[in-house]
Amino acid sequence: MALLTKTQTALEHHAIVSVTDASGTITDVNERFCLISGYAREELIGFNHRILKSGQHPEPFYKNMWHTLHRGQVWHGVICNRRKDGTPYWVQSTIVPLHDEQGALMECVSIRTDVTHLKVAQTPDRQRVMALLQACVELNTPHDQAQTALLSSVFDLTEQCIGVADLAGQVIYTNQALERALGYSFEEIQRKPFWEFTAPRVRRQSRRALQTIDRADFHWHGLWPLQRKDGTILPSLSSVGVIANQDGAPQFVFDIFSDHEPELLQQEALRQAKEQAERTSEAKSSFLSAMSHELRTPMNAILGFAQLLQRDGSLTTSQKRYADEIHSAGHHLLALINEVLDLAKIESGQARLTLTGVDLDEVLAECLRLTQPLADQRSLRLHPVAPSRATVQADRMRLKQILLNLLSNAIKYNRPSGEVSIQILPIGADKLRIEVSDTGLGIAAHQLDRLFKPFTRLEGTHHHAQGTGIGLSICRGLAESMHGAVGVRSQQGMGSTFWLELPTTQDFLTPGSAIS
């Protein structure tokens, strides 16, 4: 009984523990629950657990959890909760249902481990343990036999492996999760030095570390390789600490750990997939670059001969029309080759950008002058832009390239006699958004995510308009290279708005207002 009391002490300092009634109303919490959630105990007791609901999970998630508990089964899973300050945190949870004699759900005991660092850092940094163990102290709260039995049941139902050894390193308690993980029964582990169950390469170091623990505030967290009964290695994510006696001196050493092997395997698979994707992307970019260079020379020759034919006065009307078609198609193909080459440079990181303060009014004026003839051909109204006196951090040539693409698309995919407008909006304190809106047919919501993929031409939209399907892909790559972003919103039948966000270097004369 005393041992389980001490084990509970260790668990309370490691885990987030709460008790609720059958309706989810909180009836008890431990100090670590308050520490992680940011709520005081009196702000939690008597309130429903929904106070911590983050909105990250759909309703069926919670319905399935409660259905499992009402059936009398233990629920395991990862939940995103919300702290008092509004920030989210993730917990690996084990919820144990307690039923009355009639089988009705009476209470739920929840044991959780903070795994926010594992959820947020989807990188090899996940190999570290970020949760710190506080110094374990002896609790003076008495526990009767029923409480002791309940604690024992909870320890055996949790997925966390728990082992306790005396100061000599001999194992005196293990829960069922530890026995399953290592493949031993308690009888095979009992009174044996804990370091015998570590990997051979760290056994001597583990023995020396365990035998030199002499402080009640000792704690350690990290990867500790253990050895299973079959000889295989279990990379454990361990939290090692001390249980002190009533005098504050070290009495027992505990290790609360989980099997980190699935995480390591996932990291390795992600690393290999990333390397393969990078190799494939490099090969594709190299091929596209080489192909584009090889196609440019013969295409320029075709265009040159087509121009000579256009100047030949002896051609019949049909022959002249054929020469015009060759010249027009050749120009379109040369534009495609140039854009493919541009895309290859961006994807391979070879696009050279010079980021400086760029006068946005000046660049927009140039772009509007260049696109005005195209708008006039389609009887479109191109709204002028009022001076903003804004300066953005960008590569001037590439900024002009993006704006020309957005403006020409707004003209090409507009309805006859439609309109194109531009708005300049401040985004926060240090960004600016340029919005280009048209009055075209609009784009269906399910097609929006395809717009910025290379060689994408949406079905059912302006088949008469020439395009390569690469321009928006290039715009996104260039914007991101300039620490910005591009995006779109659209409504069918109402038109579309494409936007570009970039860092700004100065405030607007009219902050908070749109300039159109």
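Residue numbering for the sequence shown follows our numbering, starting at 104 and increasing by one per position.
Every residue gets a Cβ at the ideal spot worked out from N, C-alpha and C, and that includes glycine.
### Query
Going by other Cβ atoms of all chains shown within 10 Å of its Cβ, with 16 needed for buried, is Thr197 buried or exposed?
For the purposes of this step, residue 197 is identified with residue 94 of the sequence shown, where counting begins at 1. With 16 or more other Cβ atoms within 10 Å, it is buried.
### Assigned secondary structure, Thr494 (DSSP; H/G/I helix, E/B strand, else coil)
Within the sequence shown, numbered from 1, the residue matching residue 494 stands at position 391. Of the three classes helix, strand and coil, the one that applies to Thr494 here is strand, per DSSP.
### Alpha-carbon to alpha-carbon, Leu485 and Glu522
Reading the sequence shown from its first residue, position 419 is the one you call residue 522. Reading the sequence shown from its first residue, position 382 is the one you call residue 485. Answer to the nearest angstrom: the Cα atoms are 6 Å apart.
### Task
Determine the direct distance from the alpha carbon of Asn441 to that of Phe390, and round the result to whole angstroms.
As a working mapping, residue 390 is identified with position 287 in the sequence shown. As a working mapping, residue 441 is identified with position 338 in the sequence shown. Distance between the alpha carbons of Phe390 and Asn441: 14 Å.
### Query
Would you say Pro303 faces chain B, with C-beta separation under 9 Å as the test?
The question asks about chain B, but that chain is absent: this structure has only one protein chain.
### Task
Consult DSSP for Lys332 and reduce its assignment to one of helix, strand or coil.
Looking up residue 332 in the sequence shown gives position 229. Coil at Lys332, not helix or strand.
#### Entry: Limits of the unbroken alpha helix (DSSP H) element including His173
Taking the first residue of the sequence shown as 1, we reach residue 173 at position 70. Its alpha helix (DSSP H) spans residues Glu162 to His173.
### Task
Please determine if the segment 416 to 427 and the segment 466 to 475 are in contact, where contact requires at least 3 C-beta pairs separated by less than 8 Å.
no
### Query
Roughly how far, in whole angstroms, is the beta-carbon of Arg144 from the beta-carbon of Gly127, given that I think they are within contact range, below 8 Å?
The residue labelled residue 144 in the question sits at position 41 within the sequence shown. The residue labelled residue 127 in the question sits at position 24 within the sequence shown. Contact doesn't hold; Cβ gap of about 17 Å is too wide.
### Query
Quick one: Cα of Ile265 to Cα of Ala280, how far?
Indexing the sequence shown from 1 puts residue 265 at position 162. Indexing the sequence shown from 1 puts residue 280 at position 177. So the two alpha carbons sit approximately 7 Å from each other.
### Message
Nearest by alpha-carbon distance to Leu551: which of Gly590, His173, Leu544 and Glu366 is it?
### Response
The residue given as residue 551 occupies position 448 in the sequence shown. Out of Gly590, His173, Leu544 and Glu366, Gly590 has the C-alpha closest to the C-alpha of Leu551.
### Message
For the pair the segment 487 to 507 and the segment 580 to 597, tell me if three or more CB-CB distances fall below 8 Å.
### Response
yes
### Query
Among the residues of its own chain, which have a CB less than 7 Å from the CB of Pro519, if the five just before and after it don't count?
Here the question's residue 519 lines up with position 416 in the sequence shown. Closer than 7 Å at the Cβ level, and outside the excluded window around Pro519, lie Arg481 and Ser482.
### 9 Å Cβ cutoff met for Cys211 and Thr123
As a first step, residue 211 is located in the sequence shown; it is residue number 108 there, counting from the start. As a first step, residue 123 is located in the sequence shown; it is residue number 20 there, counting from the start. Yes, they are a contact pair.
### Query
If you draw a straight line from the alpha carbon of Asn517 to that of Ser524, how long is it in whole angstroms?
Position 414 of the sequence shown holds residue 517. Position 421 of the sequence shown holds residue 524. Rounded to whole angstroms, Asn517 to Ser524 spans 12 Å at the Cα level.
### Query
Near Ser157, which residues of its chain fall below 7 Å by C-beta distance, leaving aside the five closest residues on each side in sequence?
For the purposes of this step, residue 157 is identified with residue 54 of the sequence shown, where counting begins at 1. The answer, listed in chain order, is Cys183, Asn184, Arg185 and Pro191.
### Three-state class that DSSP yields for Gln205 in the structure shown
The sequence position of residue 205 within the sequence shown is 102, counting from 1. The answer is coil: DSSP assigns Gln205 none of H, G, I, E or B.
### Message
Taking a contact to mean a Cβ-Cβ separation below 9 Å, would you say Thr494 touches Asp462 in this structure?
### Response
Along the sequence shown, one-based indexing puts residue 494 at 391. Along the sequence shown, one-based indexing puts residue 462 at 359. Yes, these two residues count as a Cβ contact at 9 Å.
### Query
Measuring CB to CB, does Phe355 end up less than 9 Å from Ala302?
On the sequence shown, residue 355 is found 252 positions in, with the first residue counted as 1. On the sequence shown, residue 302 is found 199 positions in, with the first residue counted as 1. In this structure, Ala302 does not lie closer than 9 Å to Phe355 by Cβ.
### Message
Please classify Phe164 as buried or exposed, where buried requires at least 16 other C-beta atoms within 10 Å of its C-beta.
### Response
Numbered from its first residue, the sequence shown carries residue 164 at position 61. Looking at its Cβ environment, which holds fewer than 16 other Cβ atoms inside 10 Å, Phe164 is exposed.
### Message
Quick check on DSSP: helix, strand or coil for Asn151?
### Response
To locate residue 151, count along the sequence shown from 1; it is residue 48. Asn151 falls in the strand class under three-state DSSP.
#### Entry: Among Leu326, Arg592, Ala207 and Arg306, the one whose alpha carbon lies nearest that of His363
Within the sequence shown, residue 363 is the residue found at index 260, counting from 1. Cα-wise, what sits closest to His363 is Leu326.
### Query
Along the chain, where does the alpha helix (DSSP H) that runs through Ser576 open and close?
Walking along the sequence shown from the start, residue 576 turns up at place 473. Segment Gly574 to Ser584, the alpha helix (DSSP H) holding Ser576.
### Cα-Cα separation between Ile405 and Ser491, rounded to whole angstroms
In the sequence shown, counting from the first residue as 1, residue 405 sits at position 302. In the sequence shown, counting from the first residue as 1, residue 491 sits at position 388. So the two alpha carbons sit approximately 45 Å from each other.
### Arg536, buried or exposed, once every other Cβ within 10 Å from all chains shown has been counted against 16
Translated into the one-based positions of the sequence shown, residue 536 becomes position 433. Per the 10 Å Cβ criterion, buried.
### Task
Measure the Cβ-Cβ separation of Ala271 and Ala319 and say whether it is below 9 Å.
Along the sequence shown, one-based indexing puts residue 271 at 168. Along the sequence shown, one-based indexing puts residue 319 at 216. Their beta carbons are not under 9 Å apart, which means Ala271 does not touch Ala319 by this criterion.
### Query
First and last residue of the alpha helix (DSSP H) that includes Val523?
In the sequence shown, residue 523 corresponds to position 420, counting from 1. Counting along the chain, Val523 falls outside any alpha helix (DSSP H), though it belongs to the beta strand (DSSP E) covering Glu522 to Ile530.
### Span separating the alpha-carbon of Gly206 from that of Gln176
Locating residue 206 in the sequence shown gives position 103, where the first residue counts as 1. Locating residue 176 in the sequence shown gives position 73, where the first residue counts as 1. Cα-Cα distance, rounded: 12 Å.
### Query
When DSSP labels each residue in this structure, what does Phe289 get in the three-state scheme?
As a working note, residue 289 is residue 186 in the sequence shown. In the structure shown, Phe289 sits in a helix (DSSP, three-state: H, G or I).
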